[in-house]
Amino acid sequence: MDFGDDVMEGSDGQRRKKRYHRHTPRQIQQLEAMFKECPHPDENQRMQLSRELGLEPRQIKFWFQNRRTQMKAQHERADNCFLRAENDKIRCENIAMREALRTVICPTCGGPPVADDYFDEQKLRMENARLKDEASSHFSSL
């Protein structure tokens, strides 16, 4: 699409902006139909389309370029929405798991769970007792 930013020089040497040109509904309909079939038309296809629609080949080229950019942006927005929803779902699961771990109870006694430090301490006590037994049996055999 031509956005009217280009500057032309008139016959009197004055610089004027090109008039912004919107495509007709019929032109857009044909461009959209072609885009569905082939989003990347080659030069021959663009030339044929420009003759059929009464547009410059550059206008056809830029229309397709802009349309591909629009489609890419739409797909990225849809992907972002999906990823945000997935992220929110995972965040909620994470919060629920943290809450469950914080409020976990012992299935046997119904009390608070035993901390990992307690198990580590118990392992060390058992290891110390085993080593003492081993040392005393070794010492008594001397």
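Here the sequence shown stands for residues 1 to 142, where the numbers follow the UniProt record's numbering.
The beta carbon of each residue, even a glycine, is placed where N, CA and C say it ideally should be.
The shortest C-alpha to C-alpha distance from C38 to any of K61, K89, H23 is the one to K61.
In the three-state reduction of the DSSP assignment, C38 falls in the coil class, being assigned neither a helical nor a strand state. Contact between the region 84-100 and the region 47-59 is absent: fewer than three C-beta pairs spanning the two stretches fall below 8 Å. Counting C-beta pairs closer than 8 Å gives three or more between the region 32-48 and the region 65-76, which meets the contact rule. Cα atoms of T103 and F35: separation of roughly 58 Å, rounded to the nearest angstrom. In this structure, the straight-line span from the alpha carbon of E127 to that of A135 is close to 12 Å. The three-state secondary structure of E56, taken from DSSP, is coil. The Cβ atoms of L83 and W63 lie no closer than 8 Å to each other. Of the residues assessed, R46 falls on the buried side of the cut-off, its CB having 16 or more other CB atoms within 10 angstroms. The alpha-carbon separation between P107 and N94 amounts to approximately 23 Å.
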